[in-house]
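See below for the structure under consideration.
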Amino acid sequence: MEGRRGEWVVLQVSGEMDLVTSPAVRQHVHDAVAEGRHRLVLDLQEVRFCDSSGVGVLIATRRLMRSCSGRLRLILPPQGEAHGSHVHRVLAALGVRRLFDVYPDLTAATETAVDPLSA
Numbered sequence: 006m007e008g009r010r011g012e013w014v015v016l017q018v019s020g021e022m023d024l025v026t027s028p029a030v031r032q033h034v035h036d037a038v039a040e041g042r043h044r045l046v047l048d049l050q051e052v053r054f055c056d057s058s059g060v061g062v063l064i065a066t067r068r069l070m071r072s073c074s075g076r077l078r079l080i081l082p083p084q085g086e087a088h089g090s091h092v093h094r095v096l097a098a099l100g101v102r103r104l105f106d107v108y109p110d111l112t113a114a115t116e117t118a119v120d121p122l123s124a
């Protein structure tokens, strides 16, 4: 679930981000920050379902990273892809998609000069 790419901690999440699984994601984020890692990529390409608990973790992670002058980037499949675009739809439906820097893949997410995908 966790790896490193240069100065970035990469957390790969798959399956569901819901009431049952979200606390584990939150704990991994807190562990990374406690270790002094303030550049975080959440790879959500394999997340097939995300409820309000999952969205809450994403928003709390954004808040935490901002509070420690860190950076948060999300990896999500392009919006047009039927496979794996559930998180895009949920974030857009809730009006919070614009809060996140979203990238199409790990290479783009960990390159410093790459601009995020537009909403």
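Letter by letter, the sequence shown follows residues 6 to 124 of the numbering used here. Where a beta carbon is used, it is the ideal one built from N, C-alpha and C, also for glycine. Every value quoted in this text rests on a predicted model; they were computed, and no experiment measured them.
Cα-Cα separation, residue i to residue j
i, j, result
"Ala-124", "Pro-83", "Here Ala-124 scores only 46 on pLDDT, less than 50, and its place in the model is too uncertain to base an answer on."
"Glu-116", "Gly-75", "15 Å"
"Asp-36", "Gly-100", "28 Å"
"Ser-58", "Met-70", "18 Å"
"Leu-81", "Asp-110", "7 Å"
"Arg-78", "Val-18", "13 Å"
"Arg-9", "Ile-64", "22 Å"
"Ala-98", "Gly-61", "14 Å"
Cβ pair residue i, residue j closer than 9 Å
i, j, result
"Val-52", "Met-22", "yes"
"Val-14", "Arg-42", "yes"
"Leu-104", "Asp-56", "no"
The beta strand (DSSP E) enclosing residue i, as first and last residue numbers
i, result
"Leu-99", "Looking at the DSSP string, Leu-99 is not in any beta strand (DSSP E), and its letter there is neither H nor E."
Endpoints, the alpha helix (DSSP H) within which residue i is located
i, result
"Leu-49", "Counting along the chain, Leu-49 falls outside any alpha helix (DSSP H), though it belongs to the beta strand (DSSP E) covering 44-55."
"Leu-16", "Note, Leu-16: premise wrong, no alpha helix (DSSP H); beta strand (DSSP E) at 13-22."
Beta-carbon separation (whole angstroms), residue i vs residue j, contact threshold 8 Å
i, j, result
"His-93", "Phe-54", "13 Å between Cβ atoms; not a contact."
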